[in-house]
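*Asks:* Residue numbers (my numbering): 213 to 361.
My questions will all concern the structure given below.
Following this line, the structure appears as structure tokens:
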């Protein structure tokens, strides 16, 4: 969320490409804005974070630690601007897991989860047309698993 928010709001940052090391502690920082390391943390223990922060300070950097609560503004911004809470769909390499063929209009459509029915529709409109009592012209839907399962 932080990266998307920065890119969309023209905040210049770079990925930190180097390893910082001091007193046997190795640290691969996340991002750099000026002389500030921006570190996005999940559930890492605070003592480990403190050791890495000390390494960065030894090398002359300031460190800004951001945890989930610190990123609420970015989460809200991305949710409202991209109209989704399925953030994984915003990744460059995202691809839905399954491709289906609509039983009414024959359009191909995708979903992340395997559908539980044999006859599937791409929209409510097609479902309305498809449930008129006419048999499915395609027979049972054969899904394509894009994940190799």
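For each residue, glycine too, the CB sits at the ideal point set by N, CA and C.
In this text the structure is predicted, and so the values were computed from the model without any measurement.
1) Under 8 Å: do the stretch 286-294 and the stretch 246-257 share three or more Cβ pairs, one atom per stretch?
2) As a quick exercise: from 317, 304, 321, pick the residue whose alpha carbon is nearest that of residue 310.
3) Among the candidates 327, 234, 214, whose CA atom is the shortest distance from the CA of residue 271?
4) Below 8 Å, can you find three or more Cβ-Cβ pairs linking the stretch 265-279 to the stretch 233-248?
5) Could you name the residues of the same chain whose beta carbon sits closer than 7 Å to that of residue 317, not counting the 5 residues immediately before and after it, in chain order?
6) Thinking C-beta only, is residue 327 closer than 7 Å to residue 214?
7) Which class does residue 283 belong to by DSSP, given the choice of helix, strand or coil?
8) Considering Cα atoms alone, identify which of 238, 295, 325, 240 is closest to residue 307.
9) Using DSSP with H/G/I as helix, E/B as strand and the rest coil, what is residue 234?
*Replies:* With the given structure in hand:
1) The stretch 246-257 and the stretch 286-294 do not touch, with fewer than three beta-carbon pairs separated by less than 8 Å.
2) With distances taken between Cα atoms, residue 310 lies closest to 321.
3) For residue 271, the nearest C-alpha among the options comes from 234.
4) Verdict: yes, contact present.
5) Excluding sequence neighbours, residue 317 sits near 334, 338.
6) No, the Cβ-Cβ distance between residue 214 and residue 327 is not below 7 Å.
7) Note: residue 283 maps to helix in three-state DSSP.
8) Nearest to residue 307 by alpha-carbon distance, out of 238, 295, 325, 240, is 325.
9) In the three-state reduction of the DSSP assignment, residue 234 falls in the strand class, which pools E and B.
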